[in-house]
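So the sequence lines, in the order shown, correspond to chains A and B. Each residue of the first sequence is one higher than the last, beginning at 28 in our numbering. Each residue of the second sequence is one higher than the last, beginning at 28 in our numbering. Read the structure below first, then the notes.
Protein chains: 2
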Amino acid sequence: MIQFKILKKSKKSSARLGILKTPHGEVETPALVGVATQASVKTLTSEEAQRTKTQMLIMNTFHLHLKPGEKLVKKHGGLHKFMNWNRPIMTDSGGFQVFSLGFGKDLGMSKILRKTSNTSIEKGQQPKLLKITDEGVLFTSYIDGRKIFLGPKESIKIQEALGADIMFAFDECPPPNAAREYVEHSLARTHVWARMCLKARKSKQALYGIVQGGSFEDLRRKSAEYIGSLPFDGFGIGGEMGVDKAWMFKMLKGTTDLLSEGKPRHLLGNGYPEDMPGIVRGGIDTFDCVVPTHHARHGVAFTSVGRLDMKKTKFLGDKKPLDPRCECEVCEHYSRGYITHLLRAKEVTPLRLLTFHNLFYFHSLMEALRKEIKKGKI
Amino acid sequence: MIQFKILKKSKKSSARLGILKTPHGEVETPALVGVATQASVKTLTSEEAQRTKTQMLIMNTFHLHLKPGEKLVKKHGGLHKFMNWNRPIMTDSGGFQVFSLGFGKDLGMSKILRKTSNTSIEKGQQPKLLKITDEGVLFTSYIDGRKIFLGPKESIKIQEALGADIMFAFDECPPPNAAREYVEHSLARTHVWARMCLKARKSKQALYGIVQGGSFEDLRRKSAEYIGSLPFDGFGIGGEMGVDKAWMFKMLKGTTDLLSEGKPRHLLGNGYPEDMPGIVRGGIDTFDCVVPTHHARHGVAFTSVGRLDMKKTKFLGDKKPLDPRCECEVCEHYSRGYITHLLRAKEVTPLRLLTFHNLFYFHSLMEALRKEIKKGKI
Numbered sequence: 028m029i030q031f032k033i034l035k036k037s038k039k040s041s042a043r044l045g046i047l048k049t050p051h052g053e054v055e056t057p058a059l060v061g062v063a064t065q066a067s068v069k070t071l072t073s074e075e076a077q078r079t080k081t082q083m084l085i086m087n088t089f090h091l092h093l094k095p096g097e098k099l100v101k102k103h104g105g106l107h108k109f110m111n112w113n114r115p116i117m118t119d120s121g122g123f124q125v126f127s128l129g130f131g132k133d134l135g136m137s138k139i140l141r142k143t144s145n146t147s148i149e150k151g152q153q154p155k156l157l158k159i160t161d162e163g164v165l166f167t168s169y170i171d172g173r174k175i176f177l178g179p180k181e182s183i184k185i186q187e188a189l190g191a192d193i194m195f196a197f198d199e200c201p202p203p204n205a206a207r208e209y210v211e212h213s214l215a216r217t218h219v220w221a222r223m224c225l226k227a228r229k230s231k232q233a234l235y236g237i238v239q240g241g242s243f244e245d246l247r248r249k250s251a252e253y254i255g256s257l258p259f260d261g262f263g264i265g266g267e268m269g270v271d272k273a274w275m276f277k278m279l280k281g282t283t284d285l286l287s288e289g290k291p292r293h294l295l296g297n298g299y300p301e302d303m304p305g306i307v308r309g310g311i312d313t314f315d316c317v318v319p320t321h322h323a324r325h326g327v328a329f330t331s332v333g334r335l336d337m338k339k340t341k342f343l344g345d346k347k348p349l350d351p352r353c354e355c356e357v358c359e360h361y362s363r364g365y366i367t368h369l370l371r372a373k374e375v376t377p378l379r380l381l382t383f384h385n386l387f388y389f390h391s392l393m394e395a396l397r398k399e400i401k402k403g404k405i
Numbered sequence: 028m029i030q031f032k033i034l035k036k037s038k039k040s041s042a043r044l045g046i047l048k049t050p051h052g053e054v055e056t057p058a059l060v061g062v063a064t065q066a067s068v069k070t071l072t073s074e075e076a077q078r079t080k081t082q083m084l085i086m087n088t089f090h091l092h093l094k095p096g097e098k099l100v101k102k103h104g105g106l107h108k109f110m111n112w113n114r115p116i117m118t119d120s121g122g123f124q125v126f127s128l129g130f131g132k133d134l135g136m137s138k139i140l141r142k143t144s145n146t147s148i149e150k151g152q153q154p155k156l157l158k159i160t161d162e163g164v165l166f167t168s169y170i171d172g173r174k175i176f177l178g179p180k181e182s183i184k185i186q187e188a189l190g191a192d193i194m195f196a197f198d199e200c201p202p203p204n205a206a207r208e209y210v211e212h213s214l215a216r217t218h219v220w221a222r223m224c225l226k227a228r229k230s231k232q233a234l235y236g237i238v239q240g241g242s243f244e245d246l247r248r249k250s251a252e253y254i255g256s257l258p259f260d261g262f263g264i265g266g267e268m269g270v271d272k273a274w275m276f277k278m279l280k281g282t283t284d285l286l287s288e289g290k291p292r293h294l295l296g297n298g299y300p301e302d303m304p305g306i307v308r309g310g311i312d313t314f315d316c317v318v319p320t321h322h323a324r325h326g327v328a329f330t331s332v333g334r335l336d337m338k339k340t341k342f343l344g345d346k347k348p349l350d351p352r353c354e355c356e357v358c359e360h361y362s363r364g365y366i367t368h369l370l371r372a373k374e375v376t377p378l379r380l381l382t383f384h385n386l387f388y389f390h391s392l393m394e395a396l397r398k399e400i401k402k403g404k405i
């Protein structure tokens, strides 16, 4: 089980400084949670992920169910032992894949390159590759086309075998362009599933409920009130947020205001550097985001002077580190010129160097935000 | 400049134990030299390469000339600073590319999957993509089709700008299926180029001459005597050796017997674990080989129980490390099962884990061979 201790609350916003205690150590909050979808922070080893100041990782129930399967992970002693990561782990429930492998795929929306769509998703409509019913979701495996059924019970059972410190309830993440009636129906289902997840849990692992409600403020409130009333150990705030960040920050505050103050809140799948202050002000304690690692694998460095596309030849002669103000081991040892050379020479090493730096940079930003809350500046 | 000190000579073979002193530290010989073609040990950082017990790296003059260009490397302070590698570096001359981008390409022969060919290469014959003349070789860039001329002067000039501790003379590496007349003609040219390289050198970097001679024993002897008579700081033994290892070991002994005992000898591009004792007995002090790193990127681990194809599902449930007798950090932290999962999930991290382990394993074998020479057992 987990314990959450609030050390300081902001007087100017919903921000709070805290400590999340788990069976695998503590997390200083607010914190970015590193993404390790398939039990690996892409391109890094677990020891390296630690050195980037990553405190907690989130892994993917759906993907790990397909490969290598939760039984195998359990045989290896659970996720922590399997990947030699002795710090806290979260597993999401597979609910996001209901969107990403469903309507998200149909409409060409991805987690990274956000697109809006004018196509409205109406009540009763089904995505091409999966079928959503009141019992759960019938997926089609992208590996071998095999049908996979995931409902609240199945998700919890898989997550218990995986052995994370914190699990998430199985939900439906509705598409951002869903019509009100679609979201109302989906939300009712997600709420039923939330209770089923609580009932299905047999382990001592923590379980977070997920607040949904699409882009409708009243439905978000309704969901926060309902999910908040259930005996979860913490709360996730889900949904494909789209591109309207101002709306998201407002929604976050509105949602967290309705949730029990003493329980931790996790924002699912968001966290560009420029969004961090807004997320923190919205009362979020942890959030996960693929941005630092994904962009690294595309040659992009996040720095104190903005994003740098390191594939550009202009950096070849540059002897400075990625970010002269960064204290990470990559910035200590390697120049922009060398990293650009390696990227242009199609080597693997620069993807690692950029992943390491970006994660370190993101975690450093969060460290700074924690200091600001402590000083009462946020 | 370099200094070479022989600590012990075997009474049973041509093997010797030595110390090669360079401006960037010492190499205990006999030693495997790690391959860092484009100024990067593929998938690793320079600090990691050090932790694999790699003492010296060899980089490629031709590839670095194309990308990022020797002027840029020089601007960064030379190869050592550019890649943050403070140990010794060798640069080969581009002579092997005369084969690999020439007849080697035409005949589908690669450095790894050795194939023999029944097509004989006759005197006067030219490969498709390059033109070999007495002055040098006209290459066609694989990047943009631009023509690149490399002769002895050009190669030395590039290598001096790159700044390695040890350079190699520009030579022609003839194809293994070359007719005697072809090799005679090629060898005469390589010998002329050797003198030109010595004359072209302006720096204090060490320069090794390269012994060629194809598969003809008398030509190999002739080359050893001629190259051995020139004031080189050490000697390379080149040539695409093909699959006949017994022939290679015999040739090595015959060649090194003719070379000045006090100078170091480097075997170019050979070194499977099973070949190491024969190479060492043949009087070789250093050799480079892509096998540990190349095979790693194809999912193969070298272990004390042989080569393991880690892509196989049978390893998924295996909790043992890659090699239970290995002391490397990968074997300390990760199981075969985890590495197999990551390979099957198409992650990048396992390629690194295997590269690290394989290099450490190869260097450990060489460490053991050095001990055997010391004990007089080889």
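Just so you know, even glycine gets a beta-carbon here, dropped at the ideal spot from N, CA and C.
For the alpha helix (DSSP H) containing residue i, list its first residue and its last residue.
i      : result
B:A323 : V318 to A323
A:L177 : Taken as a continuous stretch (DSSP letters only), A:L177 belongs to no alpha helix (DSSP H), being part of the beta strand (DSSP E) at K174 to L177.
B:D245 : E244 to S256
A:G305 : M303 to R308
B:A76  : S73 to R78
B:L369 : R363 to R371
A:I400 : T376 to K401
Under 8 Å between beta-carbons, which chain A residues line up against residue i? List them in chain order, please.
i      : result
B:V371 : The sequence shown places Arg at residue 371 of chain B, rather than the Val named in the question. The answer, in chain order, is K94 and P95.
Using only the alpha-carbon positions, how far apart do residue i and residue j sit?
i      : j      : result
B:M86  : A:L91  : 40 Å
B:G265 : B:G296 : 8 Å
A:C358 : A:F387 : 10 Å
A:L279 : A:I311 : 8 Å
A:R334 : A:E301 : 11 Å
B:A188 : A:V307 : 51 Å
B:T118 : B:M268 : 20 Å
B:R43  : B:I33  : 7 Å
A:K290 : A:D271 : 27 Å
A:A63  : A:T70  : 10 Å
B:E244 : B:W274 : 10 Å
A:V68  : A:G61  : 7 Å
A:E354 : A:E394 : 13 Å
A:L106 : A:E356 : 27 Å
B:I410 : A:G344 : The structure shown does not extend to residue 410 of chain B, since chain B is modelled only from 28 through 405, so no value can be given for it.
B:W220 : B:H360 : 50 Å
A:K94  : B:E208 : 58 Å
A:L140 : A:F123 : Interpretation of A:L140 is limited by its pLDDT of 49, a score under 50 that renders its predicted location unreliable; no figure is taken from the coordinates.
B:V238 : B:L294 : 10 Å
Based on DSSP bridge pairs, tell me the residues matched to residue i.
i      : result
B:T88  : According to DSSP, B:T88 bridges with nothing at all.
B:Y235 : B:F195 and B:G261
B:K158 : B:L165
B:A205 : B:I148
A:G52  : A:T49
A:V327 : A:D336
B:Q30  : B:K48
B:G313 : Residue identity check: residue 313 of chain B is Thr in the sequence provided, not Gly. BP columns for B:T313 point to B:A58 and B:H293.
B:M117 : B:I85 and B:I193
B:K35  : B:L44
Would you mind telling me which residues of chain B sit closer than 8 Å to residue i, beta carbon to beta carbon, in chain order?
i      : result
A:Q65  : H368, L369, A372 and E374
A:L378 : V375
A:K428 : Here chain A comprises residues numbered 28 to 405, so residue 428 of chain A is not present and cannot be evaluated.
Should residue i be flagged as near chain D, meaning a C-beta pair shorter than 9 Å?
i      : result
A:M110 : You won't find chain D in this structure, because its protein chains are A and B.
I want to verify the contact list: residues of chain A whose CB lies under 7 Å from the CB of residue i, in sequence order.
i      : result
B:G344 : L99 and K102
Starting from residue i, trace the beta strand (DSSP E) in both directions and tell me its first and last residue.
i      : result
B:K272 : B:K272 -> not in any beta strand (DSSP E); alpha helix (DSSP H) instead, spanning K272 to T283.
A:R292 : R292 to L294
B:L99  : Taken as a continuous stretch (DSSP letters only), B:L99 belongs to no beta strand (DSSP E), being part of the alpha helix (DSSP H) at E97 to K102.
A:A66  : That residue, A:A66, is in no beta strand (DSSP E); it is neither H nor E in DSSP.
Hey, is residue i close to the ligand FMN, as in C-beta under 8 Å from one of its heavy atoms?
i      : result
B:D345 : Of the ligands one can find in the structure shown there are none, so the ligand FMN has no counterpart to examine.
Whose Cβ in chain A lies nearer than 9 Å to the Cβ of residue i?
i      : result
B:E74  : E356 and H360
B:R209 : The sequence given here places Tyr at residue 209 of chain B; Arg does not occur at that position. By Cβ distance, chain A contributes nothing, its closest Cβ being about 33 Å from B:Y209, past 9 Å.
Contacting positions in the stretch 317–332 of chain B - beta carbon closer than 9 Å to chain A: R324
Contact set between the stretch 380–394 of chain B and chain A, restricted to residues whose Cβ is under 8 Å from the partner: L380
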